[in-house]
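There are 2 protein chains.
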Amino acid sequence: MGNPFKLDLGDYLPYLVNRVGAIIAEQFGEEALAPHGLSIAMWRVMVVLASEANQRQIDLAALTSIDASTLSRLVTRLVRMGLVTRTRSARSNREVAVKLSAKGRALVVRLIPIAREYEAAAIAGVPAEELAVVKRCLRLIYGNMKSRPAPKSGSQQLPPHDRLLA
Amino acid sequence: MGNPFKLDLGDYLPYLVNRVGAIIAEQFGEEALAPHGLSIAMWRVMVVLASEANQRQIDLAALTSIDASTLSRLVTRLVRMGLVTRTRSARSNREVAVKLSAKGRALVVRLIPIAREYEAAAIAGVPAEELAVVKRCLRLIYGNMKSRPAPKSGSQQLPPHDRLLA
DNA sequence: GCAAAATAATTGACAATGCATCAGTTGTAA
DNA sequence: TTACAACTGATGCATTGTCAATTATTTTGC
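Chains as they are written, first to last, in our numbering: chain A, 2 to 167; chain B, 2 to 167.
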C-alpha cells in the first residue's frame, strides 16, 4: 500500500481525472456531437466562443488545451463548415478574430442543454456541497500546475554564445 | 447565469476535469516521460501493467481509456522498445498476454516516484478530507457514466449496487 | 456437433495531431 | 530610427489516432 514503487490507480488523482474526462467526452461525443459532424475539440472551441465571442486563436488554444497549430487547422475546418468566421483582428494585423457564425451559434445553443444533461447524469448522487468542493479543488489544482515553474525555458536555456548564433 | 443557453465554463465539470487532466499530462509528459522516449499513453499502459501484470489488450484498453486498435499498435511499439512482451495467452489462443519486461519494470519503478511528485504538486493546498471527497466523487462519476444505458447497442450489465448509484 | 454469433486482435485507409519552422507583425531598447 | 526580440498564425512533415473491415478463435443455441 505505502510502497513507493507501486501506484494504486484507484487512488491516483491523474488517473481518476483522466478516465472521467475520457468517458464523458466519449459518450457526449459519440451520441450528441457526431450526428452533427462535430468532434470534441470542435465542440470545445465553439462553447468557448459562445461564452466569450471574438477570441484570438492563441487564446482559444489556451482555453481549450488544444495545441496552437492543431487549433489553426481546426478553425479552418470550422470555417469550411460555416460554423465560425475568421477575420483579421481590428486591433492588430497579426491576430485573427474567431467568432461564431449564426449557424454556429444556433448549433451551440441546441447542444448546450444536452451538454448539461450529460453533466447532470455524471454527477447524479453527488451532494451539492461535495460537488462544490470538487469544482473548487479542480480549479485550485489547475492553478497549481499552471503556476508551476516551467523547467522548459528556465533550466534549459542556451549559453550566451549559442543564443547569439541562434 | 441561469440562462440555459449559456455555459459558464468555470462551473462546468467536464471542462474543469478536462483542463486538469490536460495540464498534468502535458507537464509530466514533457518533463518526465519525453526524456525516456515515452508518451503519456505508453506511460498509462505501463503503469497499469505495473499494478496488474499480465493483461489482455482489451483489458488494457478499458483500463487506460485507449482505443483497442490504437492500443494494438501502441503495444507493438512498446515491444520494439523492449519495455513489454506480448505472448499468446495460455487461456485462449485469440487472446494476448501483455507483460512488463525487466527493462520496462525498471523504468516504471523509476517513474512512479516522479509521478507521485507531480500529483503532490497538483494537490498542494488541498486539505486531506477535501481530496478524499474529490477522489470519491470522481470514482462515483465514472461509475455513473459507465453504467449509463448505451444508446448504441447492447446494454452492459452491472451489479445491482452499481446500478443504484446511477 | 455444427452453424451462427460473439469476442480479441489486427490491418488498411484516411484524418488528426504535434513538433519544428517559417513568415509577417508588433513591441522594445539602444 | 533601427536593429533585435517576442508574438501570432500557418505550414511541412512525420507520427499517431480512428473507423471500418478482416482474420482467427471461442462461445452459444438448436
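C-beta atoms are modelled at their ideal positions from N, C-alpha and C, and glycine is treated no differently. It should be emphasised that the depicted structure is a prediction, and the values quoted were computed from it without experimental measurement.
Listed along chain A are L8, L10, Y13 and Y16, each with a C-beta nearer than 9 angstroms to that of V48(B).
Look at the beta carbons and you see the stretch 98–114 of chain B touching the stretch 47–60 of chain B: at least three pairs across the two are nearer than 8 angstroms. Going by beta carbons, M47(A) and G105(A) fall inside the 8 angstroms limit. With respect to the C-alpha of K7(B), the residue from N145(A), I115(A), G126(A) and A129(A) having the closest C-alpha is I115(A). The alpha carbon of R140(B) has as its nearest neighbour, out of A125(A), G144(A) and L112(A), the alpha carbon of A125(A).
Take L132(B), set aside five residues on each side of it, and the residues of its chain with a beta-carbon closer than 7 angstroms to its own are I124, in chain order.
One finds Q28 and A122 in chain A with Cβ atoms closer than 7 angstroms to the Cβ of R149(B), taken in chain order.
DSSP places L10(B) outside any beta strand (DSSP E), giving it a letter other than H or E. Beta-bridge pairing by DSSP links K100(B) to T86(B). Straight through space, the alpha carbons of P5(A) and L72(A) are spaced by roughly 39 angstroms. In the DSSP annotation of this structure, the continuous segment of the alpha helix (DSSP H) that includes D60(A) starts and ends at Q58 to T65. The stretch 24–34 of chain A and the stretch 74–90 of chain A do not touch, with fewer than three beta-carbon pairs separated by less than 8 angstroms. For A51(A), the enclosing alpha helix (DSSP H) stretches over residues I41 to S52. Here F6(A) carries a coil assignment [DSSP, helix/strand/coil].
Contact note: R20(B) reaches chain A through S66 and Y143, using a C-beta cutoff of 7 angstroms and chain order. Annotation for W44(A): L34 place their beta carbon closer than 6 angstroms to its own, counting only its chain and skipping 5 residues before and after. Contact of I24(B) with chain A by beta-carbon distance below 8 angstroms involves S66, Y143, M146 and K147. Nearest Cα to S148(B) within the set V21(A), R92(A), G38(A) and K136(A): V21(A). Unbroken beta strand (DSSP E) stretches of 3 residues or longer found wholly inside the stretch 110–145 of chain A: none.
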